[in-house]
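Structure first, commentary second.
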Amino acid sequence: MILPYTQIGNASKLSMYIKLDEEGSQQCENMEESVIESASGPDPHIGPAWRIHFALLEYKQFKAARTIQRFIRGFLTRKKVIRENEAATMIAKWWRGYKVRIDFFETVQNLLQERVMKFYNEKAQMIQASFRGWKTRQYLHDFQGMKVLRLQYAEDLLSQLARSLWKIKHEHKLPGVYSLRESALLSRIEDLSWSFGFRFHNGRVRAAIAAKRSYINDKRQEFRSAQRYFKSPYPGPDAEAIIFGEGVVNKNICTAGQRTFMVYDNSFRDRHIRKIYEKFAARRRNSMQANQENIRALFCRDLVRRMIKKRLVARNAEKITMRQFLDDLLAKSRE
1109 MILPYTQIGN ASKLSMYIKL DEEGSQQCEN MEESVIESAS GPDPHIGPAW
1159 RIHFALLEYK QFKAARTIQR FIRGFLTRKK VIRENEAATM IAKWWRGYKV
1209 RIDFFETVQN LLQERVMKFY NEKAQMIQAS FRGWKTRQYL HDFQGMKVLR
1259 LQYAEDLLSQ LARSLWKIKH EHKLPGVYSL RESALLSRIE DLSWSFGFRF
1309 HNGRVRAAIA AKRSYINDKR QEFRSAQRYF KSPYPGPDAE AIIFGEGVVN
1359 KNICTAGQRT FMVYDNSFRD RHIRKIYEKF AARRRNSMQA NQENIRALFC
1409 RDLVRRMIKK RLVARNAEKI TMRQFLDDLL AKSRE
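Its first residue numbered 1109, the sequence shown is counted upward by one per residue in the numbering used here.
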């Protein structure tokens, strides 16, 4: 029995139909051979054998025609799908090109307007910032004007002081009775001198810190070089009034504490270990002092670097803006 098949989703059913088709083809070939053998008798044109032979031949032709039609339909369908995809792609490409060419002038105009407005806004911000800085320096924090004003004020005070002293001298007033001690002029002179001396505040503070460090290092050296008697390296306000003897408090120490103290004393008795400890302590103190100095130096250096970087960025931004604007405009026009 021959079962026709077209397209079957299940692979097992498809293989079964192929197997049945092959068996049917084999049976047809066997029947054809038997018909030919029977037809080789005395009268081959008489009998049902030739009818069967013609029926099998017609079936083979039908099967071949169906196979050819199937392949032709598949080929034509695939060719049609490919042609339709290419046509759709071509239509979309030409439509996009047409749309871009229609909107190109408007796009370039909008881009140019946006770039120009951005450039003008940046320049306006730069002008406003410069004007605000100039106004602040001119009226609020005019250091040069304040310096000139202070010098003029000092000159006026000195001239007034000279006139007062000349008047006291030439009028032969008693010294000690007529003086400038309780006058308003002396208070103004003291205030002015204090404002002049304020600029040396940082130098005085650094000198005080250096003197304190020198004092501490001297006391450490004195403590190390002392053999029998030494002063406290960090004396307090009542360091001279400390009472020894009665102020000592005895305490019981456990075995673990005694062992710890013994190990500590033995370690300091060894010269090599004591030298290592002293070197480590000195290195640690020097590193702490160096770190403090580095922190101050890094802060100042970072502050100066940030100020310089801000100015350089502001200068470079002005040069890059126009170049970037032209590059973007050329790139958009090429697209």
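In this text, a Cβ means the ideal position worked out from N, Cα and C, and glycines have one as well.
Residue i burial status per 10 Å Cβ neighbour count (16 or more: buried)
i: Ala1157; result: buried
i: Asp1435; result: exposed
Three-state class that DSSP yields for residue i in the structure shown
i: Pro1152; result: Confidence in Pro1152 is poor, its pLDDT being 47 and thus under 50, which makes the residue's placement unreliable; the coordinate value appears in the next sentence. Coil at Pro1152, not helix or strand.
i: Asn1394; result: helix
i: Ile1210; result: helix
i: Ile1361; result: coil
i: Asp1264; result: helix
i: Ala1316; result: helix
i: Ala1157; result: helix
i: Ala1270; result: helix
i: Ala1334; result: coil
i: Asp1378; result: coil
i: Gln1432; result: helix
i: Ala1439; result: helix
Euclidean distance between Cα positions of residue i and residue j
i: Ile1199; j: Arg1209; result: 15 angstroms
i: Lys1452; j: Leu1184; result: Outside the shown range of the chain (1109 to 1443) lies residue 1452, about which nothing can therefore be said.
i: Gln1432; j: Lys1201; result: 31 angstroms
i: Arg1382; j: Arg1413; result: 45 angstroms
i: Thr1368; j: Ile1361; result: 10 angstroms
i: Gln1366; j: Asp1378; result: 19 angstroms
i: Arg1271; j: Gly1311; result: 35 angstroms
i: Lys1188; j: Gly1182; result: 10 angstroms
i: Gln1397; j: Ile1317; result: 11 angstroms
i: Val1143; j: Ile1160; result: With a pLDDT of only 49 at Val1143, under 50, the local geometry of the prediction cannot be trusted, and no value is derived from it.
i: Leu1269; j: Lys1275; result: 10 angstroms
i: Leu1266; j: Gln1260; result: 10 angstroms
i: Leu1387; j: Thr1363; result: The sequence shown places Lys at residue 1387, rather than the Leu named in the question. Taking the straight line joining both Cα atoms gives about 31 angstroms.
i: Val1371; j: Ile1384; result: 16 angstroms
i: Gln1400; j: Gln1221; result: 55 angstroms
i: Tyr1228; j: Arg1245; result: 25 angstroms
i: Ala1439; j: Leu1219; result: 12 angstroms
i: Phe1239; j: Lys1231; result: 12 angstroms
i: Ile1180; j: Ala1173; result: 10 angstroms
i: Leu1122; j: Gly1205; result: Here Leu1122 scores only 49 on pLDDT, less than 50, and its place in the model should not be relied on; the value that follows carries that caveat. So the alpha carbons of these two residues sit roughly 49 angstroms apart.
i: Gln1329; j: Val1313; result: 25 angstroms
i: Phe1331; j: Asn1325; result: 10 angstroms
i: Lys1226; j: Asp1211; result: 22 angstroms
i: Trp1203; j: Gln1177; result: 38 angstroms
i: Leu1086; j: Asn1394; result: No answer is possible for residue 1086: it lies beyond the span of the chain, which begins at 1109 and ends at 1443.
i: Thr1215; j: Leu1257; result: 60 angstroms
i: Thr1175; j: Ile1190; result: 23 angstroms
i: Leu1392; j: Ser1333; result: Before going on, a small fix: residue 1392 reads as Arg here, not Leu. Rounded to whole angstroms, Arg1392 to Ser1333 spans 20 angstroms at the Cα level.
i: Ala1196; j: Gln1217; result: 32 angstroms
i: Lys1320; j: Lys1243; result: 44 angstroms
i: His1380; j: Ala1315; result: 37 angstroms
i: Leu1164; j: Asn1193; result: 44 angstroms
Fill in: Uninterrupted beta strand (DSSP E) stretches inside the segment 1156–1206 (no shorter than 3 residues)
Within the segment 1156–1206, there are no complete beta strand (DSSP E) runs of at least 3 residues.
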